[in-house]
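Q: One structure, as structure tokens, below. Some questions next.
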Amino acid sequence: AQDLVSFSIPQPEYLPPGFRLEGVNSYRYPDLPSWVPQPFFVELLYYNDGGEELLLRVYSIGLGDGASIASLNLRAPPIEHAKDVEVNGRPGA
Numbered sequence: 008a009q010d011l012v013s014f015s016i017p018q019p020e021y022l023p024p025g026f027r028l029e030g031v032n033s034y035r036y037p038d039l040p041s042w043v044p045q046p047f048f049v050e051l052l053y054y055n056d057g058g059e060e061l062l063l064r065v066y067s068i069g070l071g072d073g074a075s076i077a078s079l080n081l082r083a084p085p086i087e088h089a090k091d092v093e094v095n096g097r098p099g100a
């Protein structure tokens, strides 16, 4: 996996017993600005004998010295927060 990318891929400090690395996927987005490193991210797929999967996704964008992300919420907001909108007098999608 490390040979596929120009950034460091962290190794998990802990994996539940029986999990092992079984696959690596890399994702490129060629239409992004040229300053965005490619591949944009890699996924390391760990499986156990029962077919359970653990996924480690590593992004290539660094935040710079002293910068960090305190949290990242990838969950969608509840559907009741969705609103119908109009764009230029037409229903928005």
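This note's numbering applies: residue 8 is where the sequence shown begins, and numbers increase by one. Built from N, CA and C at the ideal position, the CB exists for glycine as well. Just so it is clear, the structure is predicted and the values come from calculations on it, not from any experiment.
Which same chain residues, not among the five before or five after Gly99, have their C-beta less than 7 Å away from its C-beta?
A: Counted from its first residue, the sequence shown places residue 99 at position 92. Val92, Glu93.
Q: Grab the span of the beta strand (DSSP E) containing Glu29 for me, first residue to last.
A: Position 22 of the sequence shown, counting from 1, holds the residue named residue 29. It spans 27 to 34 - the beta strand (DSSP E) in which Glu29 sits, taken as one unbroken run.
Q: Just how far apart, CA to CA, sit Gly57 and Ser67?
A: Position 50 of the sequence shown, counted from the start, is the residue given in the question as residue 57. Position 60 of the sequence shown, counted from the start, is the residue given in the question as residue 67. In a straight line, the C-alpha of Gly57 is about 31 Å away from that of Ser67.
Q: From what residue to what residue does the beta strand (DSSP E) around Phe48 run?
A: Locating residue 48 in the sequence shown gives position 41, where the first residue counts as 1. Per DSSP, Phe48 belongs to the beta strand (DSSP E) from 48 to 54.
Q: Val49 and Ile16 - do their beta-carbons sit closer together than 8 Å?
A: Residue 16 sits at position 9 when you count from the first residue of the sequence shown. Residue 49 sits at position 42 when you count from the first residue of the sequence shown. Yes; because the gap between Cβ atoms is below 8 Å, this pair is in contact.
Q: With the cut-off set at 8 Å, would you say Leu52 and Glu60 are in Cβ contact?
A: Sequence index remark: in the sequence shown, residue 52 carries index 45 (1-based). Sequence index remark: in the sequence shown, residue 60 carries index 53 (1-based). Result yes, Cβ atoms of Leu52 and Glu60 sit closer than 8 Å.
Q: Can you tell me where the beta strand (DSSP E) holding Glu60 begins and where it ends?
A: Locating residue 60 in the sequence shown gives position 53, where the first residue counts as 1. Start and end: 60 to 66.
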